[in-house]
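The numbering of the sequence shown is my numbering, which starts it at 3 and goes up by one. We put the beta carbon where it would ideally sit given N, CA and C, even for glycine. Predicted model, so just to flag it, every value in this text is computed and none were measured. Inspection log for the structure reproduced underneath, given as structure tokens.
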Amino acid sequence: MSKTGVNIKDKKDKKEEIERHLYLLKYGDLDMKKHAVECLIKIGDEETKNNLFDLHENVKDSLTRGLAFWAISELSGKNGIEELFKIVKSEEQGELIKIGAVRSIGILNKKDTITILKEIALKNDSKSIRICAAYCLSRFADDDISEYFIEKLNSRNPFYRIHAAEALGEIKNAECIKQLTDLLRED
Numbered sequence: 003m004s005k006t007g008v009n010i011k012d013k014k015d016k017k018e019e020i021e022r023h024l025y026l027l028k029y030g031d032l033d034m035k036k037h038a039v040e041c042l043i044k045i046g047d048e049e050t051k052n053n054l055f056d057l058h059e060n061v062k063d064s065l066t067r068g069l070a071f072w073a074i075s076e077l078s079g080k081n082g083i084e085e086l087f088k089i090v091k092s093e094e095q096g097e098l099i100k101i102g103a104v105r106s107i108g109i110l111n112k113k114d115t116i117t118i119l120k121e122i123a124l125k126n127d128s129k130s131i132r133i134c135a136a137y138c139l140s141r142f143a144d145d146d147i148s149e150y151f152i153e154k155l156n157s158r159n160p161f162y163r164i165h166a167a168e169a170l171g172e173i174k175n176a177e178c179i180k181q182l183t184d185l186l187r188e189d
């Protein structure tokens with residue numbers, strides 16, 4: 003029995019299991035992608051890692067690339083979310099790759115996810131990346147997230163205020179809308 007719950011009798015079965023999870027990672031919906039990448043990490047051998055490298059290099063979908071990169075990082079003994087965050091902060095990476103990294107962070111729902119997404123939503127220079135991070139945060143339905151950005155509306159830093167308003171617009175819960183309309187009435 004493999005770590006993913008599939009009985010692997012020989013190399014052929016293992017290869018088929020890897021191919022099935024790679025296919026789901028490429029073409030599945032969000033839940034399938036997340037499940038597939040977690041299974042690939044559990045298989046965790048060099049062949050899997052090489053397949054993930056190949057996928058990361060050759061697939062155009064930025065989310066799939068980000069998830070593959072996360073898995074590669076985890077298989078290499080690194081914190082995958084931190085590695086994705088480095089991509090977002092990198093000067094060398096293009097905006098689409100950074101957005102894929104942000105989306106991957108948002109899907110993974112790990113311990114550090116919310117803190118990292120808050121920082122991206124507030125401090126990143128790119129409006130597209132900030133909005134992507136805010137959208138990812140909106141999926142968590144956590145009052146602390148709304149409160150965090152509502153608090154930042156009163157920041158001394160004008161950029162934080164602008165970015166917090168953008169994030170609240172993406173979160174779209176009743177309290178966020180109330181805060182934004184109150185803010186508009188004040189100006």
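* **Identity of the residue in Lys28, Glu19, Glu48, Ser64 nearest Glu76 by Cα** => Glu48
* To do: Decide if Glu59 is buried, meaning its Cβ has at least 16 other Cβ atoms within 10 Å, or exposed.
  => With fewer than 16 Cβ atoms within 10 Å of its Cβ, Glu59 is classed as exposed.
* Cα-Cα separation, Ser64 to Gly102 -> When only Cα atoms are considered, Ser64 and Gly102 end up about 4 Å apart.
* Pairwise C-alpha distance: Glu18 and Met3 -> Its pLDDT being 47, under 50, Met3 is placed unreliably in this model, and the value from its coordinates should be taken loosely. Rounded to whole angstroms, Met3 to Glu18 spans 14 Å at the Cα level.
* Asked: Start and end of the alpha helix (DSSP H) containing Gly102?
  -> Unbroken alpha helix (DSSP H) run through Gly102: 97 to 110.
* Rounded to whole angstroms, how far is the Cβ of Phe71 from the Cβ of Glu85, which I believe are closer than 8 Å? -> 7 Å
* **Other residues of its chain near Glu188: CB distance less than 7 Å, five sequence neighbours each side excluded** => none
* Do Ser148 and Ile173 have their C-beta atoms closer together than 8 Å? -> yes
* To which residues of the same chain is Met34 closer than 7 Å at the C-beta, ignoring the five residues directly before and after it? -> Leu26
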